[in-house]
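Sequential numbering of the sequence shown, starting at 193, is according to our numbering.
Data first, discussion second: the structure below is written as structure tokens.
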Amino acid sequence: MKRESLSPTKILVLKLRYHGDMLLTTPLISTLKANYPDAKIDVLLYQDTMPILSANPEIHQLYGLKRKTSTLLEKIRNFTEIRQALKHNNYDLIVNLADQWPIALLVKSLGGRSIAIDRGDNLKGKMWRLFFDNCVPPIGTHIVEQNLYLLTPLKLPASNTRYRLSLHYHPEDVQSIVNQRPTLLTQRYVVIQPTTRQYYKYWDNDKFAQVIDYLKTKNLEVVLTCGPSEDDLNVVQDIHSQCTHKPDMTFAGKTSFLELAALIDNAVLYIGVDSAPMHMAAALDTPLVCLFGPTDYKLWRPWCDRYKQIWAGEYQQMPAQQNYDQTVKYLSCIPAQEVIQASEKMLQEAQEDNAK
């Protein structure tokens, strides 16, 4: 029997995308916790994205689905094991932010009241609705607003809505950073992450080098970070080689997500492209400068107050999503001076805020 009239005690939230997408679910999770403080909230996500939510105190348990498997049999076995574990929990509310069809089947098989994002009035959209009790259209300019609007059928009081992103880390994550670079305790520093998953979101290495040289002349340490892949490391090494005033490379390709969070949290500024660390900086309320290309800069902008967004579309026409060329650096039209000026502005505003 569905207990729609009672406060749910076991809630499942589903989202299977990337690290940044998982951070953008945290206002919804916080809102559920604010309205149902005694409820246990579990999250189903891809296994590789689990670390970014692993220290969140509002989440009871994370369930990780493998993003890639070596065989179809392994994929089926992984899916079946996860389904059995979730079925055992007897959820009375399921909030589905995922758009994959196997997840729709999973939700239907679990029972419990279910809510999902609507997918329109075409045949696929109508079929999608058969798997859920409520389907809600994606209303809102930003993805966080769309996520929160999904909770409309629950008729929650507006005063209990939580809008802030939340990112938590452990004391040992801070200690790890300090152990490797003790001088960061006293030195004002800027974190720059120039890399991202998609090449078309990259900016030019020589321009990053110009920005770094400018910041170094302002007596700021610059810490370059990136993922552990060879491609990422090649990018930061090339940027490093082009700098007259060399940035710190201690953490390039070497931090966990939560260590990176600790590093960003204590920075005076974060600079980067459209990527998960940008959303991390927003969650940590670190002033940031972000560069956007053809992706929807309104839907995916930093969800915070202290940021400066530079959109390549201000300099040249950006292609529609279906026309993205994965081999083109669309951000190349953004001048280095624009990023330098934005950085100076954010640093000045942060200094004024601290003086209050």
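Even for Gly, the Cβ is constructed at its ideal location relative to N, Cα and C.
When DSSP states are grouped into helix, strand and coil, Asp-440 belongs to the strand group. For Gln-402, the enclosing alpha helix (DSSP H) begins and ends at 397-409. Going by DSSP, Ser-351 is part of no alpha helix (DSSP H) at all; its letter is neither H nor E. About 7 Å separates the beta carbons of Pro-386 and Gly-464, which is inside the 8 Å limit, making them a contact pair.
Residue environment analysis places Met-319 among the exposed positions, since fewer than 16 neighbouring C-beta atoms fall within 10 angstroms of its C-beta. Under DSSP, Gln-390 shares a beta bridge with no residue. DSSP places Trp-503 within a strand segment (E or B) once states are collapsed to three. When the five nearest sequence neighbours on each side are left out, the beta carbons in the same chain lying within less than 7 Å of the beta carbon of Asp-405 are those of Cys-435, Thr-436, His-437, in order along the chain. Distance check between Gly-256 and each of Lys-267, Ser-262, Val-481 places Lys-267 closest, using alpha-carbon atoms only. Assigned with DSSP and collapsed to three states, Asp-423 falls in helix.
Residue state for Asn-326 is assigned as strand, using DSSP reduced to three classes. Boundaries of the alpha helix (DSSP H) harbouring Leu-278: 264-280, taken from the DSSP string. Around Leu-298, the same chain offers Arg-275 as residues with beta carbons nearer than 7 Å, after the five sequence neighbours per side are excluded. With fewer than 16 other Cβ atoms inside 10 Å of its own Cβ, Tyr-355 counts as exposed. DSSP, read as helix, strand or coil, puts Ala-308 in strand. For Tyr-381, same chain residues with a beta-carbon under 6 Å away, outside a window of 5 residues either side, are Glu-413, Val-415, Ala-459 in chain order. Excluding sequence positions up to five before and after Ile-309, its CB lies within less than 8 Å of the CB of Asn-288, Leu-289, Asp-291, Cys-327, Val-328, Pro-329, Pro-330, Gln-338, Leu-342, all in the same chain and listed in chain order.
In the DSSP annotation of this structure, the continuous segment of the beta strand (DSSP E) that includes Asp-234 starts and ends at 232-238. Taking C-beta atoms as the reference points, His-252 and Lys-232 count as a pair closer than 7 Å. Under the three-state reduction of DSSP, Val-414 is assigned to strand. DSSP places Ile-251 outside both helix and strand once states are collapsed to three, so it counts as coil. Per DSSP, the unbroken alpha helix (DSSP H) holding Asn-546 starts and ends at 528-547. Rounded to whole angstroms, the separation of the alpha carbons of Gly-332 and Asn-314 is 21 Å.
One thing to note: Arg-493 has its Cβ no nearer than 7 Å to the Cβ of Pro-479.
Annotation for Tyr-462: the continuous beta strand (DSSP E) segment containing it runs 461-465. Per the DSSP secondary-structure output, Cys-435 pairs with nothing in a beta bridge. Within the DSSP secondary-structure output, Leu-204 pairs in a beta bridge with Asp-234, Ile-286. Looking at the DSSP output, Gln-385 shares a beta bridge with Gly-464. Per DSSP, Cys-496 has no beta bridge partner at all. Around Thr-353, the same chain offers Thr-223, Leu-340 as residues with beta carbons nearer than 7 Å, after the five sequence neighbours per side are excluded.
Excluding its 5 nearest sequence neighbours in each direction, Asp-213 has C-beta neighbours in its own chain below 7 Å: Lys-207, listed in chain order. Contact check for Asp-466 against Lys-393 passes: the beta carbons are separated by less than 7 Å.
The criterion of a C-beta distance shorter than 7 Å is not satisfied by Leu-539 and Trp-395.
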